[in-house]
Structure formats: structure tokens, C-alpha cells
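As C-alpha cells, the structure follows; a few thoughts come after it.
Protein chains: 2
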Amino acid sequence: MNFIDFSDVKITGGFWKQKQDMIKNTTLMAVYNRFSETHRFDALKCDWKEKGEYEAHIFWDSDVAKWIEGAAYILSERRDAELERLIDEAVDNIADNADENGYFNSYYLTTRQDERFTHRSDHELYCLGHLIEAAVAYNEATGKDKLLKAMCRYADYVEKVFRTEQSAAFLTPGHPELELALVKLYKHTGEKRYLELSKFFIDKHGDNDKEKGISVYPGMFELSYNQDEVPIRERSTVEGHSVRALYLLSGAADIAAVYKDKALESACRRCFDNAVNKRMYITGGVGSTHIGETFTIDYHLPNRTAYAETCAAIALAMYSRRMQQFGNDSAFADTVERAVYNGVLSGISMDGKSFFYENPLAVDPDFNNVNPATKEKERYPITERLEVFGCSCCPPNIIRFLASISGYIYSFDDDTLYIDQYIDSVTQKEDFHIRQTTCYPADGKVKIQCNCDKKYLALRIPQWCDSFKLNKDYEINNGYAFIKNPGNTELEIIMDMPVKLVASNRRVHENAGKIAVMRGPVVYCAEAADNGKDIISAVIPKGAEFSLADTEFMLPALKVKAMRPKSESKLYYTAGNDYEQFDMKLIPYYAFANRGTSEMTVWINRGF
Amino acid sequence: MNFIDFSDVKITGGFWKQKQDMIKNTTLMAVYNRFSETHRFDALKCDWKEKGEYEAHIFWDSDVAKWIEGAAYILSERRDAELERLIDEAVDNIADNADENGYFNSYYLTTRQDERFTHRSDHELYCLGHLIEAAVAYNEATGKDKLLKAMCRYADYVEKVFRTEQSAAFLTPGHPELELALVKLYKHTGEKRYLELSKFFIDKHGDNDKEKGISVYPGMFELSYNQDEVPIRERSTVEGHSVRALYLLSGAADIAAVYKDKALESACRRCFDNAVNKRMYITGGVGSTHIGETFTIDYHLPNRTAYAETCAAIALAMYSRRMQQFGNDSAFADTVERAVYNGVLSGISMDGKSFFYENPLAVDPDFNNVNPATKEKERYPITERLEVFGCSCCPPNIIRFLASISGYIYSFDDDTLYIDQYIDSVTQKEDFHIRQTTCYPADGKVKIQCNCDKKYLALRIPQWCDSFKLNKDYEINNGYAFIKNPGNTELEIIMDMPVKLVASNRRVHENAGKIAVMRGPVVYCAEAADNGKDIISAVIPKGAEFSLADTEFMLPALKVKAMRPKSESKLYYTAGNDYEQFDMKLIPYYAFANRGTSEMTVWINRGF
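Here you go:
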């Protein structure tokens, strides 16, 4: 299975054109400016002095790298001399400050020169991975190869130290990312040693005595945090730091696909099943706890303290996409869709300028830190997005992800062209000509003009879709509607998109007696900003009818006659005629907290 | 308003005879043995040496004192030479080891001789308070006065240091208790200086600059923790450490009643209203958080992490009882009843041998500490009662409280004899002859034989009771049914005791969409031990009918046709015909966790 590259698909209208325009016109430079102000670009000069204005940080290079990668995706559509000047300046600093071996890390080169490759958890190889992804993207977008050459040299040095000599203090990246980046570098350069180095890391993770003895943060974390406990091929569950786990599994899926490694593929499938069917929020968020930013156990999905890092939702989409390499099944693109429209997009404000690192499914600000007798504060996610935070991995990750989202639309094998996502767009590739016209997910209607010499054209029928009309004969297989010999054709699929009430498995005690409201792939939430306080106490009655309302946040809001307890002075009272009707308004979850701090809930009491 | 003393009312049968027999036959010596093993009695010898077997603790004297007080209440019914020998041994150690001033504290006299009266929060005066209560009780029960004399001497010394000279490092007890004990000592001895010393403390709490500057545990607690922030007369809310707050308010109510201090009475009334109508669990538990064991804010009543210390429920009962001194209103005895049958009794196992310090309203053991990647553990209440714990204030507090519970049955003023609690019992007092025959709260029928020369006999109509039959004419006033000129009479009241579903104020977000099941004053809960796992996900349908079942735990269990989600493999699914019926069994909340660790919930999803 192959994917049509994002650069061969131009998004032409609808929901995603708006989002990409926002990224291009606002977010890109907003993040650049915040990163400049916080000296993330200055740090690349490696001229830091003690008692200077700033001190470089172990993961700052990766922030800049993801920003360059995102910028490159935007440049691939249209070159921009001023933007390239900013990037080239950074590239010059990176390439020119690399040492004689090709090694570059703005933190270790300045503040801890003698400690290179001794602190496994300190993101050195993670930064390299992101710099490689940036180098490949910038080379593809502009043809410029200074960063690419520098990163190849650095990767060669890593190969020597880690694989050939095994002379570093550790064997594999403490924060995976390099694994998948090396596969990208291999595919871009054709140099098989990068693939082999990636495979080396994938094979060694959790399967070596050297790292079993390294405790990352003694007394705090177990081996699983850093993906060291179990060899990947033996895993059946996603464990530890959620972004580390899913970046590693993304690399593992790439390696399994290239090497046709069935044991590794099976492990990837088992872990995907575990992540998606036992440990994922309805928003596609993963990682239930801030403590270690980790997965916890099956069905443990607290809403108010959900960690659900934006980067983890992106990583889940990346991993799900790579799972398609083993043969298509709509569960993979369904998961991408769930994450993208909910747990990823919630990470960025509607104006494109501020961000959530964590994406809780409930906010109850009146009851955060309510103990006036103690100075000790309980930890809750912040209630408003910020322009920058200390650990600013998410903002540039959103940029690069949304700027290249058109790479998630199509996949193909010898027989079949798959439409994985419905996005208003046109391909710009020789072998396929396909145009989608749609305002999905505002509604479920998609027009598809197609000239395709594949035996089949396959349209994903989303998991949320119970009924649809398609103006051609089709056969359903693995969640896709297969149309035989499509040739030069005009298709129209109309997916019914009613509001649906979704319940969760009875083991998810957090959601007991509650339902979530979805329309199409979009999860909705109720905010106090629309409904007044105590919206968490409201109930959606059985058989309640929803109507579409304003589109303040790009997609229609929903209205429903709901019930809530009367304003009752007693603390406890006999249940009876104690609820009254009110007009509840729901907005897309991704749009919560765009009007200041507000009580919010995704899961709403079910009126049975 | 006065109370008929516990020693004048003998419990003769029913629920409380069983409980008192358990305390007398099992709990008293079980706690004695645990206290002996842990050297709490040894410590009274004050011969502790460094590197010895144990080190005395700042509050051990209070543990022993409460045990003596409880034992004394039991002795007041029937003397027991062996038990008295154990007490006398302790008394000898206490009296003989007091210093030349009368000062006694087994911790300060041994390990920190030079630091007497310098650490306000270290329970010195708290220990004295409990020793005074023990001394009064033991003197009343046996006529022996060694402990009483020793404690009078100690109290005199405290008066000198704290009131006359004001030479201690602080002005008022960091952990209130002495305030109410001094009123007891005054009433027992007739010595007004003890009353005045109590009033001095009540007046100074939160109303002096000396203590405003003392930070108890720097960086952790605010002034309100130790009741130092606001003068009592200015308070409208209960704040800080819940036991400290309620012991202090109990003392304040006593002082307000004796001195007819209207400002203090008003403050007591406001605080009672705040505690009971905004900050109390349905079980009568108070103190929502383990952090500082404190009250938090109105309507913040988390169930699974509820602190609701057994001692705090006892303190609420003590405070509520004292509120009756200002004139009777059934709200006071209602609160006593709520606390006693639920949040107090839950603190002791059915066999009388083990105890809860915390009394959560939900237990979800499968989802406690679910993060395999970190060593950091989240804090949840323990899931099974223990025979002893480091801070063992609750076990002897239960003994003394339940052993003297007959003191909560009657109150009187010039005109009226009030029946505050329905307990099978007979008075043994000259002026009143009254016998209650009842198995309350197994049902709501109470026979009352009475010979009373008061103008009125008043029967409390409990807040849970919507209808009752009474075989005499009556008039309802302040929640009591007043019967005029009762004379020599035989009464029968039959209170209908259907199962009731109780909802909470919409501000209590924890209980949104949920109901609690009560029968009479007793709160019920559902345990996995009866219902299987995921009982938290079950729903009680609208109009469901309950029936009474076995009485394994003294009162009938309840059965109801409830619904729960089908065992469904999907994590999320479209809500529809997804629930199935099952027989739910509920047991009295006080009986939870008597069959090992089990998922448990008081608040159950409401089927509307």
C-alpha cells in the first residue's frame, strides 16, 4: 500500500482550506515569533554564554525543526523568499555549528559539551529525527540541500556511534522519533543504511540489557515509560509515555512494512487494537494521565484530568496512517478522522494563535483548586489556550500536521485507489486525476470526479455512517465501498449525517450513565458560555431532537431541548419533578475554550 | 434546653442494643489490645529512652483518654474490676508522672522536655481536653477522683500560663477540644474558672495578632486550617480542618448557650447552616479532601476521594446536638441521625474490630493506581478497614460516642420534653419516665410509654419522613409533633418508611444525573460483592420498585430491577437498546467493605 503524497494533492475549498489558510496566514508566523522571542532560533547559533539571556533546552532543536518542516510544506505550494530567508538563517546556524563529526545539538554543544550521548532521555536523537524530517521536507519543497546534507552527515555519525561501535551510553533513542525519520530519509535519499539503522533501533528497543539497567528518572518512572520494558515484537498493549509509544510504533510499522516482518506487523496490529479499542478518548486523544504523560490501563479514561496531549493525537493519526501499509481497513482512516477533527484540532484556537498541550473532555473551573486552607494545589489542565509554553512541542506539530494533511486523503495498491478522507481537493499527480468537491464534515455529500485506471476505486464508509447513497454499484469490503472499473467517472456519495448519541463501554466508569453527542466525525460539547453554569448537571432526554444552529465555529452548532435540575436551594431532596427544560446548545469539541474559561463537558447525562 | 444524660437512659433492645453490645464485648478490648501493642499505654509511664522500642507520639495521650472515656461510659452501667484495673493503671501513670505544676504529656515530658507550650499545632491542649473528658466520665461512673484531681490541677496550670500570664508561645489550642472539655469540667465541678478559661479561648480564636503570625506548617497551610483566620463571631462558613472546626464550634455553642451570647449563637447558626446545607455528604460525612483533612468550598463533594473522617461525622453530631441548646429545631437532631446511621457507623466494621478513618462514597478498586509506567501513586482512601492505624483517633472516638449515644435521645426545656431520636430504651431518671419500644430504623413504628408532667411531649418528625400516623392529637412545630399535656400515656407513632430516591443540588457536579437510595435515615450503597463489577455503570430506572431483602447487615438489604449496559466489546457505540435488566442489591452504606475490597457506589445513575 502506498500513499499519494501531500504535495500531489491540493486542498481547494471547504473546511480544510480555511484551516490551512489559517495555518499559513497566522499560525506559522505566530509560532515563529514566539519561538524567536524565547530564543529558540538564537540558540542555534551555539554562542550561549553563562548568565546570558537564555539557556538552550534539550528539546528546542526539535521545536525549530518541526516549524521548518511545517514551513517547508507551505513552501511546497508556493515559494516565499522572506520565509526561506528565515529558514536558511536557521539552516546555516545548524549546518555551520555542527562539529567535525556532523553532530549538532544546540543544548549539548553549549552547556554540556562533554556529556554527548550519555543521557538517554534527553531528546538528542529525538531532535535529530525532527531535523531529518525538516531537512527532507525543505529539500523536497525547495531543492535546497544544505540541511539535508548536514543531517545525512549527522545520521552517519549516529550510525557509527550507535550501531557500528555501540560506544554511546545507551543503544536506542529515549524519546523515539529518529526511527520513523530514518525511514523517511531512506525513502528520500535511497540510502539503505538509514533504513537499517532504523531497523536496528526498532529491534533493540526493550530487547537489550544495557538499557534495562538505565533508570530514566530514578524513583519516578518504570522501564515502560521510555519503551524499554518489552521488545516491540512481544507487545500487545501500548504502554508508557504516549507520544514515545506511538512514534516508536509508527517507526515499527514502517520497518515491518518495508521488511515484510510479520512478527512486527502483528505486534503493531495488537497495539493498534489496544490503543483504539481500550485506551482512546472519543476525541482520539490518548494518554490518560499527566503523570509521565502516559497510557494507563484499559478503560481508564478520566475526562476532567485527561492528558490527551495534542501531539499524542497527532501521533495516533501518524500511526494509524502507517497501519494502512499492511492492507487497508477503514478502522485506520476512521481513527485518523476521529483524532483530526477532535483531539488534534482542539489543540489550536479558532484564531490560530494559541494552543492546548492537554485536551481535557471536561472543564469545571469553579471546582478547580477549592481548598482555601492549604497552599497545596491539585493539578488540572489549564482552561485557556496559550501562545507559547515551556514545552512547546504541540504548536509546530500542529503546523506541520495540518499543512500536510492532504497526504492522508488517498492510498493505493496495485488494484485499488482508496479514498480515505473526504476533503475538498484535487490531485496533481500524473497517474491519478481525482477531484473531490465537498463541504464535509458540514454535511455528508461528496462529489468525486475521477479518471482512474485502477481496477477499483474504494470509498471509505466512516464508522459513524449508518446509511449512505452512492450513484454507482459497489460492494463493501473492510469498511470501504468498492466500485469496479471506475475509469473516467463522476461519483456522488451522500452520507446521512444525523446527530448521534454515543455511549461507552460499561468498564469506562467515568462515562457511566452518560452519552456523547456526535455529528459525522465531529464530537460536540456543551459549554457554560452558551448554557450557563452547571451544564455538567444537565440531561439530554431520551428521543430528544437536535437541530442545526449557527456556524460560529466553522461547523453548525447543535440545539436540543434538554433538562436540568431546577435551581434548588436544598443540598439533598427527594427526586421527583425536579428538572426543567432548557435550550441546550452544543458546539464542536475542537472549538471549546475560545470564549475564555468556561465549564465544559463532552459526556452528558443520559435521560434514558 | 437541657439533655437527659446518657447515664439516665438505658438502651434495652433493637439496633442500638446490638451495636452497644458489640462495643462493650468486642471493640473496647480490641482497641485496648491494639493500643497496648503499639505502646500507647506504656508511653504513659514516661520512661521512654532513646533507641527504645517506641517513641511516644504527640496525640497518643488523647487516644488513651478517649478509650478511658468510652470504658467509663460502659462502666457506668455496670462496674467491672478488671476493666477498672486497666484504667487505674493508666490513671496512676498519668497522675504520678505529672510534673510539679500538674503538667502531663507523655510526648513532651520524654522527648522534648524543653519545648512545652511552644508548638501550637502539636495537640498538647487537645490531649488535655480529652483527658478532662475521660476524668469527668470516670469520676461519674466510679466516683474515683484521682484522674479528675490531676486534670483539675493541669487545667489550673493551663489557666495560669495561658490566661493569667499569657506566657506560652501561643494563645489558643491549635487543635480545639479543650474548649468544650472545660465546659464539661465546669459543669461537673461547678468551678467557674474552667468556663471562663474556655470562653477566653473561644474569644481569642482568630482574634489575636500573636497567632496570626504563626504558620503551622509553613508553605502548606493557611491560617484557616487551625481556625486562626477569623474570630468565631464573624464566621459564616466552616473552614479548615474539619474536626478542629467542629470541635471548636461545639465549644463555642456551649459558651454561647451558657453566656447567652447572641453574636456567638448567630455565628454558630450560620456555620451550622453552611456545614449542613452546603458542605456535607449525604452520609453526614464532612471534610471533602485529605489535603489538610479540611472543608473545601460549597458543593464540592467528591465521592471517591471523599475524606469524610469518622471523627468529623462524630464532631458534626456533637455540634448539632449542642445547637439544640439555642432552642429546638428538628434540623439539629436530623443531622445527628444522618451522621450516626451513615458516616459514623461506616467507620467501624460489622464485627466491631476494624475501622475506617476515611469514609468514601464510592470505591473503584480496579481503577486505583493504574499507571504502570510511574512509581508515583495517586492517593485514594483504603478499601478495607484496619484494626489500628498510626493516627488512631477514630476507633476510641467511636467507642465513647456509641457507648454514650443514649445521651442523644431526649432534650427538654421548661415546657417540653423532646424525643430527638427513636431508640429502644427506658429512662432511669426521677423526673421523667419514658420507655420507647422500637426496632427503628428497621421500620418506622415506635411505641412510647410515658409519664411526663411537662406541658408538651414533642416527637421529632424526621426530615426523611413524608407521612406518619400518631395516635394522639398533635401540632407540628419546628419539625416536631407537639402533644399537649401528655401525662401518663401510651403513644404510637408509625412513620412510613418507603425507599426514597434522593437527588442533590445541581451545583454538586459529582452527583449530576445520579440519585442515592435511602430508607428512613439510612443511606444505601451498591457493592460489586453483590452485583458484580461495573456496578458504577448501572442505572435505576424511573419508577423502579424496591423490595426488602435479607438482614445480613442488621437492616434489610434492598432489591430492585435495575439496568446495566450489556457486556459490549466496543469502546464507543451508538446508544440505543444497549442496557439489560438485572437484580440490583443494595446494602446499608455503613456495611460496605465488610466482605473484602469491592467496587462500591452510593450515587447511582438515574434512569429519569
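Chains as they are written, first to last, in the working numbering: chain A, 1 to 608; chain B, 1001 to 1608.
The beta-carbon is built from N, C-alpha and C at its ideal position, and this holds for glycine as well.
- Minimum Cα-Cα distance from Glu177/A among the listed residues Val183/A, Tyr186/A, Ser167/A, Gly129/A corresponds to Gly129/A.
- Listed as beta-bridge partners of Leu457/A by DSSP are Leu417/A, Ile483/A.
- In the three-state scheme derived from DSSP, where H, G and I count as helix and E and B as strand, His1241/B is classed as strand.
- Rounded to the nearest whole angstrom, the CA to CA distance from Ile540/A to Asn1511/B is 16 Å.
- The Cβ atoms of Thr597/A and Thr335/A do not sit closer than 8 Å to each other.
- For Ala1503/B, the enclosing beta strand (DSSP E) begins and ends at 1499-1504.
- DSSP places Thr1027/B within a helical segment (H, G or I) once states are collapsed to three.
- According to the DSSP secondary-structure assignment, Arg1435/B is paired through a beta bridge with Val1426/B, Gln1449/B.
- DSSP places Ile1068/B within a helical segment (H, G or I) once states are collapsed to three.
- For Pro1588/B, the enclosing beta strand (DSSP E) begins and ends at 1579-1588.
- By the C-beta criterion, the segment 25-45 of chain A is judged not to be in contact with the segment 365-379 of chain A, since fewer than 3 inter-stretch pairs fall below 8 Å.
- Inter-residue distance for Gly1213/B and Arg1244/B is about 19 Å (C-alpha atoms, whole angstroms).
- Against Ile1515/B, the close residues of chain A are Ala575, in the order they occur along the chain (beta-carbon pairs closer than 8 Å).
- Taken atom to atom, the span from the alpha-carbon of Gly143/A to that of Ala137/A is near 9 Å.
- Bridge partners of Met495/A according to DSSP: Phe468/A.
- Annotation: the continuous beta strand (DSSP E) that includes Asn1477/B extends over 1475-1477.
- If you draw a straight line from the Cα of Ala98/A to the Cα of Asn105/A, it is about 8 Å long.
- Neighbourhood of Ala1253/B in chain A, by CB distance below 9 Å: empty, with the nearest CB roughly 21 Å away.
- For Leu457/A, not one C-beta of chain B is nearer than 8 Å to its own C-beta.
- With its beta carbon less than 8 Å from one in chain A, Ser1224/B belongs to the interface.
- Residue contact check for Met323/A against chain B: no CB pair falls below 8 Å.
- Nearest C-alpha to Met1495/B among Ala1362/B, Tyr1440/B, Phe1162/B: Tyr1440/B.
- Taking C-beta atoms as the reference points, Thr1027/B and Ile1405/B fail to come closer than 8 Å.
- Among the residues facing chain A, Ser1504/B is included, as its CB has a counterpart in that chain under 8 Å away.
- Listed along chain B, the residues sitting closer than 8 Å to Glu568/A by beta-carbon distance are Asn1505, Arg1506.
- With a threshold of 16 other beta carbon atoms within 10 Å, Tyr474/A meets it and is buried.
- A residue is called buried once 16 or more other Cβ atoms fall within 10 Å of its Cβ, and Gly1532/B, having fewer, is exposed.
- The closest CA to that of Tyr524/A, considering only Asn577/A, Leu558/A, Val508/A, is found on Leu558/A.
- Classified as buried, Tyr1589/B has 16 or more neighbouring CB atoms from the shown chains inside 10 Å of its CB.
- Sorting Trp67/A, Asp415/A, Val161/A by C-alpha distance to the C-alpha of Phe401/A places Trp67/A at the top.
- Partner residues in the beta bridge of Pro565/A, as assigned by DSSP, are Tyr579/A.
- Ranked by how close their Cα comes to the Cα of Val560/A, the residues Ala526/A, Lys566/A, Ala591/A have Ala526/A in first place.
- Along the segment 228-245 of chain A, the positions whose C-beta sits under 8 Å from a C-beta of chain B are Glu239, Gly240, His241, read in chain order.
- Residue contact check for Pro365/A against chain B: no CB pair falls below 8 Å.
- Distance between Met1029/B and Ile1348/B, taken at the CA atoms: about 14 Å.
- Its chain contains Asp1415 as the residues whose beta carbon lies nearer than 6 Å to that of Lys1455/B, once the 5 sequence neighbours on both sides are disregarded; these appear in chain order.
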